[in-house]
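Numbering (the UniProt record's numbering), first residue to last: 1 to 269.
Ideal Cβ placement from N, Cα and C applies to all residues, glycine included.
These notes are about the structure you will find just below.
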Amino acid sequence: PPWGMAVNVYSTSVTSENLSRHDMLAWVNDSLQLSYTKIEQLCSGAAYCQFMDMLFPGCIHLRKVKFQAKLEHEYIHNFKVLQAAFKKMGVDKIISVERLVKGKFQDNFEFIQWFKKFFDANYDGKEYNPLLARQGQEVAPTPNPVPQRTSPTGPKNMQTPARMNITPSNIVRKNPPLARNGGSEADAQILELNQQLMDLKLTVDGLEKERDFYFSKLRDIELICQEHESENSPVISGIISILYATEEGFAPPEDDELEEQHPEDQDEY
């Protein structure tokens, strides 16, 4: 690769070199041509992914980054992309994903303070066009504060997740690259099809994460209902009947099947 490994930064103490929240936002917005108004908006992880692309071109695929992320599982996806880039570049930093995606000021401010020092230690001053790099994608304003998951001891509000488009209309796609040395046009088409296949796989991954997230909510509700089933409450009975209702040809997944599909999810975050 054209770059070496990253220069690690371990200092997390507050010093005079630390920027204020306003100066930090100005740096992020100026560097990436964004319009963030609050530190909490960094909880989507998208900005960090693009900063890594600026520091180490080619270490991260910006196509994988959800710049329009508005839901917590989409933020988690972006931080997984960032974690992969950190691992690739040898960045010695643990990302507290579960805390950052909650959109709390202090957690996000501490992380951007560390990241600014990391950036300064690695940036070589080369020119970078952030809009071109993300193919003109606008960065969605992150809701603030991020809705918190409710306590498992009570009913949970379930919101219908926003459907993820496979090819959002606001993404400006590049034309298939021209084949070099007189290569056939078929080569360029193969590259484009491979990229589309990768996009589809990422979409499937996101949908599976979304499915498992809401399935876990239903499982928590089921456990609460089972604890109070002996009370013969009509409300509990009604909830249980809804939980166990199925459509023709549908079979709920078994616990063993879910564990086989996602054995790593429990320990990953």
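**Asked** Looking only at its own chain, which residues have a Cβ that is under 6 Å from the Cβ of alanine 85, when we skip the five neighbours before and after it?
**Response** On the sequence shown, residue 85 is found 85 positions in, with the first residue counted as 1. Only Met52, Cys59, Ile60 meet the Cβ criterion.
**Item:** Span of the alpha helix (DSSP H), counted from its first residue to its last, around valine 28
**Value:** As a working note, residue 28 is residue 28 in the sequence shown. 21 to 32 is the extent of the alpha helix (DSSP H) around valine 28.
**Contact check, histidine 228 vs isoleucine 236, beta carbons under 7 Å** = The residue labelled residue 228 in the question sits at position 228 within the sequence shown. The residue labelled residue 236 in the question sits at position 236 within the sequence shown. Result yes, Cβ atoms of histidine 228 and isoleucine 236 sit closer than 7 Å.
**Message:** Measuring alpha carbon to alpha carbon, tell me which residue in Arg63, Lys217, Ala6 is nearest arginine 134.
**Reply:** Taking the sequence shown and counting its residues from 1, the one referred to as residue 134 is at position 134. The shortest Cα separation from arginine 134 among Arg63, Lys217, Ala6 belongs to Arg63.
**Among Phe115, Met5, Lys104, the one whose alpha carbon lies nearest that of methionine 24** = Within the sequence shown, numbered from 1, the residue matching residue 24 stands at position 24. Checking every option, the nearest Cα to that of methionine 24 belongs to Phe115.
**Prompt:** Taking the continuous alpha helix (DSSP H) assigned at cysteine 225, which residues delimit it?
**Reply:** Reading the sequence shown from its first residue, position 225 is the one you call residue 225. Here the alpha helix (DSSP H) through cysteine 225 covers 185 to 227.
**Message:** Suppose you measure from the CA of glutamate 72 to the CA of leucine 34; what does that come to, to the nearest Å?
**Reply:** Mapped onto the sequence shown, residue 72 falls at position 72. Mapped onto the sequence shown, residue 34 falls at position 34. Each residue's alpha carbon lies about 20 Å from the other.
**Item:** Status (buried if at least 16 other CB within 10 Å, exposed otherwise) for aspartate 124
**Value:** For the purposes of this step, residue 124 is taken as the residue at position 124 of the sequence shown. Per the 10 Å Cβ criterion, exposed.
**Message:** With the cut-off set at 7 Å, would you say glycine 45 and leucine 82 are in Cβ contact?
**Reply:** Walking along the sequence shown from the start, residue 45 turns up at place 45. Walking along the sequence shown from the start, residue 82 turns up at place 82. Yes. Within cutoff.
**Request:** Could you round the C-beta distance between arginine 99 and aspartate 107 to whole angstroms and report it? I think they count as a contact, below 8 Å.
**Result:** Reading the sequence shown from its first residue, position 99 is the one you call residue 99. Reading the sequence shown from its first residue, position 107 is the one you call residue 107. Confirmed, about 5 Å.
**Span separating the alpha-carbon of isoleucine 94 from that of lysine 38** = Within the sequence shown, the letter at position 94 stands for residue 94. Within the sequence shown, the letter at position 38 stands for residue 38. About 23 Å.
**Prompt:** For proline 130, does the three-state DSSP call read helix, strand or coil?
**Reply:** Translated into positions along the sequence shown, residue 130 becomes position 130. The answer is helix: DSSP assigns proline 130 an H, G or I state.
**Prompt:** For cysteine 49, does the three-state DSSP call read helix, strand or coil?
**Reply:** Working through the sequence shown from its first residue, we reach residue 49 at position 49. Residue state, collapsed to three classes: helix.
**Asked** Given a threshold of 16 other Cβ atoms within 10 Å of its Cβ, counted over all protein chains shown, does phenylalanine 215 qualify as buried or as exposed?
**Response** Start at 1 with the first residue of the sequence shown, and residue 215 comes out as number 215. The residue is exposed, with fewer than 16 neighbouring Cβ atoms inside 10 Å.
**Prompt:** Thinking C-alpha only, which one of Tyr75, Val204, His22 is nearest tyrosine 48?
**Reply:** Translated into the one-based positions of the sequence shown, residue 48 becomes position 48. Comparing Cα positions, the closest option is Tyr75.
**Asked** Alpha carbon to alpha carbon, how far is valine 7 from asparagine 78?
**Response** Taking the first residue of the sequence shown as 1, we reach residue 7 at position 7. Taking the first residue of the sequence shown as 1, we reach residue 78 at position 78. The straight-line gap from Cα to Cα measures roughly 22 Å.
**Request:** Quick one: using the 10 Å Cβ neighbour count with 16 as the cut-off for buried, is glycine 103 buried or exposed?
**Result:** By 1-based counting over the sequence shown, the position of residue 103 is 103. It counts as buried.
**Asked** Under 7 Å, do valine 9 and lysine 80 count as touching if we go by C-beta distance?
**Response** Counted from its first residue, the sequence shown places residue 9 at position 9. Counted from its first residue, the sequence shown places residue 80 at position 80. It is not a contact, given that the beta carbons lie outside the stated cut-off.
**Asked** Quick one: what does DSSP say proline 57 is sitting in, helix, strand or coil?
**Response** Translated into the one-based positions of the sequence shown, residue 57 becomes position 57. It is coil, neither helix nor strand.
**Request:** Grab me the residues of asparagine 29's own chain with a C-beta within less than 8 Å of its C-beta, minus the 5 sequence neighbours each way, in chain order.
**Result:** Indexing the sequence shown from 1 puts residue 29 at position 29. Result list for asparagine 29: Ser35, Tyr36, in chain order.
**Asked** Can we count glutamate 138 as close to the ligand NAP, meaning its CB is less than 6 Å from some heavy atom?
**Response** Although the ligand NAP was asked about, the structure shown includes no ligands whatsoever.
**Request:** Return helix, strand or coil for lysine 116, following the three-state DSSP convention.
**Result:** As a working mapping, residue 116 is identified with position 116 in the sequence shown. The answer is helix: DSSP assigns lysine 116 an H, G or I state.
**Request:** Can you say whether glutamate 40 is buried or exposed, counting buried as having 16 or more other CB atoms within 10 angstroms of its CB?
**Result:** On the sequence shown, position 40 is the one that residue 40 refers to. By the neighbour-count rule (16 or more Cβ atoms within 10 Å), glutamate 40 is buried.
**Prompt:** tyrosine 75 by DSSP, collapsed to three states: which one?
**Reply:** Numbered from 1 along the sequence shown, position 75 holds the residue referred to as residue 75. Three-state result, tyrosine 75: helix.
**Request:** Kindly indicate the opening and closing residues of the alpha helix (DSSP H) around serine 237.
**Result:** Within the sequence shown, numbered from 1, the residue matching residue 237 stands at position 237. Counting along the chain, the alpha helix (DSSP H) containing serine 237 begins and ends at 234 to 244.
**Prompt:** With distances taken between CB atoms, is the gap from glycine 225 to isoleucine 242 smaller than 7 Å?
**Reply:** Your numbering for residue 225 matches position 225 in the sequence shown. Your numbering for residue 242 matches position 242 in the sequence shown. According to the sequence displayed, residue 225 carries cysteine and not glycine. Going by C-beta atoms, cysteine 225 is not nearer than 7 Å to isoleucine 242.
**Request:** Determine, using beta carbons only, whether asparagine 129 and leucine 55 come nearer to each other than 7 Å.
**Result:** Position 129 of the sequence shown holds residue 129. Position 55 of the sequence shown holds residue 55. Result no, Cβ atoms of asparagine 129 and leucine 55 do not sit closer than 7 Å.
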